[in-house]
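Quick notes on the structure that follows.
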Amino acid sequence: MTKIGLSDIYRSYIDCLNNQDWPNLGQFVHDDVHYNGERIGLSGYREMLEGDFRAIPDLHFDIHLLICEPPLVASRLRFDCTPTGLLFGLHVNGKRVSFTENVFYEFKDERIEKVWSVIDKAAIETQL
186 MTKIGLSDIY RSYIDCLNNQ DWPNLGQFVH DDVHYNGERI GLSGYREMLE GDFRAIPDLH
246 FDIHLLICEP PLVASRLRFD CTPTGLLFGL HVNGKRVSFT ENVFYEFKDE RIEKVWSVID
306 KAAIETQL
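Going by this note's numbering, the first residue of the sequence shown is number 186, and it counts up by one from there.
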């Protein structure tokens, strides 16, 4: 897997999320995916993402930084959105907020096998 090939796969994965193309999520995410050290599997990963879109109807993943060093990807994602109620335990209740997520991925067989994510919750708190 080359850096460019991995970058293309990752960008297609982000397009899959933004289009909520859940039937094709398995093209990008391994069946035994781990999230922040816990095995949640593809179905758990999909449920997590679907829940994110329910809580944030205008959710859009915007790649701000992207570094590929196969089999790893590091990305800084930006979000500018309007969550409907609680977001990460914070009462956002329809207020527009902006925040970032620093996320690292490990790929196996050209699919995401491990994800480590840190969301800038403090940025949201300061906007409330």
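Beta carbons are placed, not taken as given, at the ideal position from N, Cα and C, and that holds for glycine.
Computed from a predicted structure; not experimentally measured.
Alpha carbon of residue i to alpha carbon of residue j, nearest angstrom
i: Ile189; j: Pro255; result: 10 angstroms
i: Asn204; j: Gly226; result: 21 angstroms
i: Leu313; j: Ser283; result: 11 angstroms
i: Glu223; j: Asn209; result: 22 angstroms
i: Arg296; j: Lys306; result: 28 angstroms
i: Arg231; j: Leu251; result: 23 angstroms
i: His219; j: Gly279; result: 31 angstroms
i: Cys201; j: Thr311; result: 31 angstroms
Which of helix, strand or coil DSSP assigns to residue i
i: Leu313; result: coil
i: Asn203; result: helix
i: Leu234; result: helix
i: Leu210; result: helix
i: Cys191; result: Checking the displayed sequence, the identity of residue 191 turns out to be Leu instead of Cys. Reduced to three states, the DSSP call for Leu191 is helix.
i: Lys280; result: coil
Distance between beta carbons of residue j and residue i, contact taken as under 8 angstroms
i: Glu298; j: Phe292; result: 6 angstroms
Residue closest to residue i, alpha-carbon to alpha-carbon, out of the options
i: Ile248; options: Asp265, Leu272, His215; result: Asp265
i: Arg239; options: Leu272, Ile309, His215; result: Leu272
i: Asp237; options: Gly211, Pro268, Phe213; result: Pro268
Own chain partners of residue i with C-beta closer than 6 angstroms, once the 5 adjacent residues on each side are dropped
i: Ser192; result: Cys253
i: Phe289; result: Ala259, Trp301
Cβ shell of residue i (< 7 angstroms), same chain only, five flanking positions each side left out
i: Arg261; result: His249, Leu250, Thr285, Asn287
i: Leu234; result: Leu202
Residues of its chain near residue i, where Cβ-Cβ distance is below 8 angstroms and the 5 sequence neighbours each way are ignored
i: Ile309; result: Leu272, Phe273, Leu275, Val277, Val282, Phe284
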